[in-house]
Every structure is written in C-alpha cells, then in structure tokens.
C-alpha cells in the first residue's frame, strides 16, 4: 500500500473502509431522504423564504398550509403587484435542499480515516465541522435561489423559465462544498488519489506478471528447441559412426 504525502501528513487507507464509503454513503443518504416526509422543514424554509422576499422587495407574499395538498401542503401566494394573474407555487422536499445535505453528510461521515494516528485523533471533530458548514451553505444558498426565482416570477417571468435554469445554475454550490469538505477533511480527496494509485499499482503488477510468464514460456520453448537440435545431431553422429569402414 502506497502512502500519499500532503501538508506534512502521510495518508494511507485500506480497501474495506473505501468500500464502506461507496456502499454505505448512498444507503445512509437514501435512508435519510425516505425516513419521513420532511413537511416540518417545508414550513420552516417556506416561511423564511417568504419573509426575506417581502423584506427585500417590499411586497406581501404569503405562505399557506393546506393538508389536502399533501405531500406538498405548503405553497406560496406571490404578491401579484403587477396584476399578472400569478398562480400558486407549491413547496416540495427538493426545495429544502435536504437531499444534497443528506448526500454530503453521508459521504463525510464515512470518509476513511488515514492510518496516521495524528489525523485519526482529530477526524471526527473535523467531520462534524465539515457537516455543519456544508449544511449551512446548502441551506442558505437554497433559500437565496428561491428568493430570486420568486422575485423574477413576481416580476412577470414565466415560472418554468426561471425555475429550472436557476436551479441548475445553483448546483455550482456542490463544487464549493467539496472544497469546504477538503479543507476540513482532506482524507476524501486523498482517498480518491489513493484508489487511483492502487489501481495503477495492481495493473502494473499484473502486466509484470504476464510479461514474466511470457518469458518463462519463451525460455521453455527455446530450451525444448535446443534439446531437439542436440538429439538430431547425436543421431546423425551415430549414423556416421555406423557407416565408418
């Protein structure tokens, strides 16, 4: 197993912990996502969004709750200041950003610890800090995204035109969260590099083994040919001796 040096520390892992990361993280994230309906978070996030939208735009958008619309009982009634005849905007779990938070939190929790005892000693403190910071970033950026979408919708833009493009553009925050994660828990990137190095090492060893086997086979074939030539020469010599007067 090869060690990777980064910022005066040596990182080395094992395949069991790596497999746990790639198998366990999706299971944890899906378990969190499907654990319940997240309606309570719908309400909190929707109310914060509406409050900030009204604060920044001096409008009177409101959040309503109606259990008949479950699983999306919370919805925005956007202040139709321009009389555009705006429809209601329903709030769903994806609007909370909990799916992204669950994925990142699961990955951070299961990032393998390096064999370096100094790094092992602090890894859980660093993991908790990374989860806290990335969760806050995802949540705040998500609310700002919704405020922008609702503001543009309120100003007359078609909802489909502002919802999907802005949602896609805001996915850049995942890159920022990876950088934050690397700051607190560099073991994640080091694990990926370690995997690459290990695969290269196994491929190199496999290639060397094949070349070694080919050399052995070639050597055996050469030896067999030399033996056959020797036997032929001996047979000819015996034949000549038999015909000598």
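Residue numbers (this note's numbering): 238 to 482.
Here a beta-carbon is modelled for each residue, glycine too, at the ideal position from N, C-alpha and C.
Comparing alpha-carbon positions, which option in 338, 399, 372 lies nearest residue 384?
The residue you call residue 384 lines up with position 147 of the chain shown. When each option's Cα is compared against that of residue 384, the closest is 399.
For residue 441 and residue 341, the rounded distance between their alpha carbons:
For the purposes of this step, residue 341 is taken as the residue at position 104 of the chain shown. For the purposes of this step, residue 441 is taken as the residue at position 204 of the chain shown. Distance between the alpha carbons of residue 341 and residue 441 is about 34 Å.
Buried or exposed by the 16-neighbour rule on C-beta atoms within 10 Å, applied to residue 475:
For the purposes of this step, residue 475 is taken as residue 238 along the chain shown, with counting starting at 1. The pLDDT assigned to residue 475 is 49, lower than 50, so where the model puts this residue is not dependable, and the model offers no usable value.
In the DSSP output, what is residue 301 paired with across the bridge?
For this step, residue 301 is matched to residue 64 along the chain shown. According to DSSP, which records beta bridges pairwise, residue 301 is partnered with 312.
contact_flag[the stretch 347-360, the stretch 281-289] where n(CB pairs < 8 Å) is 3 or more
These segments do not touch.
Residue 266 and residue 343 look like a contact to me (Cβ under 8 Å); what is the Cβ gap, rounded to whole Å?
For the purposes of this step, residue 266 is taken as residue 29 along the chain shown, with counting starting at 1. For the purposes of this step, residue 343 is taken as residue 106 along the chain shown, with counting starting at 1. Contact check for residue 266 and residue 343: beta-carbon distance about 4 Å, within the 8 Å limit, so the pair qualifies.
Three-state secondary structure (DSSP) of residue 403:
One-based indexing of the chain shown puts residue 403 at position 166. In this structure, residue 403 counts as helix in the three-state DSSP scheme.
With distances taken between CB atoms, is the gap from residue 363 to residue 421 smaller than 8 Å?
Position 126 of the chain shown, counting from 1, holds the residue named residue 363. Position 184 of the chain shown, counting from 1, holds the residue named residue 421. A contact, by the Cβ cut-off of 8 Å.
Can you tell me whether residue 480 is helix, strand or coil according to DSSP?
As a working mapping, residue 480 is identified with position 243 in the chain shown. Any reading at residue 480 is ruled out, since the residue's pLDDT is 47, under 50, leaving its predicted position unreliable.
Which one or two residues does DSSP pair with residue 327 in a beta bridge?
For the purposes of this step, residue 327 is taken as residue 90 along the chain shown, with counting starting at 1. Answer by DSSP bridge pairing, in chain order: 312.
Going by the DSSP bridge assignment, what does residue 248 pair with across the sheet?
Locating residue 248 in the chain shown gives position 11, where the first residue counts as 1. In DSSP, residue 248 forms a bridge with 241.
Could you check where the alpha helix (DSSP H) with residue 414 kicks off and where it finishes?
Here residue 414 corresponds to residue number 177 of the chain shown, with the count starting at 1. Here the alpha helix (DSSP H) through residue 414 covers 410-421.
Where does residue 443 land, buried or exposed, given buried means 16+ other C-beta within 10 angstroms?
Translated into positions along the chain shown, residue 443 becomes position 206. That one is exposed.
Leaving out the 5 sequence neighbours to the left and right, which residues in its chain are closer than 6 Å to residue 327 when beta-carbon positions are compared?
On the chain shown, residue 327 is found 90 positions in, with the first residue counted as 1. Closer than 6 Å at the Cβ level, and outside the excluded window around residue 327, lie 309, 312.
Kindly indicate which three-state DSSP category residue 434 falls into: helix, strand or coil?
Reading the chain shown from its first residue, position 197 is the one you call residue 434. Correct three-state label for residue 434: helix.
Does the beta carbon of residue 409 come closer than 8 Å to any beta carbon on chain D?
The structure shown contains no chain D; it holds only a single protein chain.
Apart from the five residues just before and just after residue 272, which ones in its own chain have a Cβ nearer than 7 Å to its Cβ?
Indexing the chain shown from 1 puts residue 272 at position 35. Counting only Cβ-Cβ distances below 7 Å, and skipping sequence neighbours, we find nothing.
Continuous alpha helix (DSSP H) stretch holding residue 287: start and end
Numbered from 1 along the chain shown, position 50 holds the residue referred to as residue 287. 276-294 is the extent of the alpha helix (DSSP H) around residue 287.
My output table needs one value for residue 266: the three-state DSSP class, helix, strand or coil.
On the chain shown, residue 266 is found 29 positions in, with the first residue counted as 1. Helix.
Reduced DSSP secondary structure (H/G/I, E/B, other) of residue 350
Reading the chain shown from its first residue, position 113 is the one you call residue 350. Note: residue 350 maps to coil in three-state DSSP.
Are residue 368 and residue 345 closer than 8 Å when you measure CB to CB?
For this step, residue 368 is matched to residue 131 along the chain shown. For this step, residue 345 is matched to residue 108 along the chain shown. Cβ distance < 8 Å, so residue 368 and residue 345 count as in contact.
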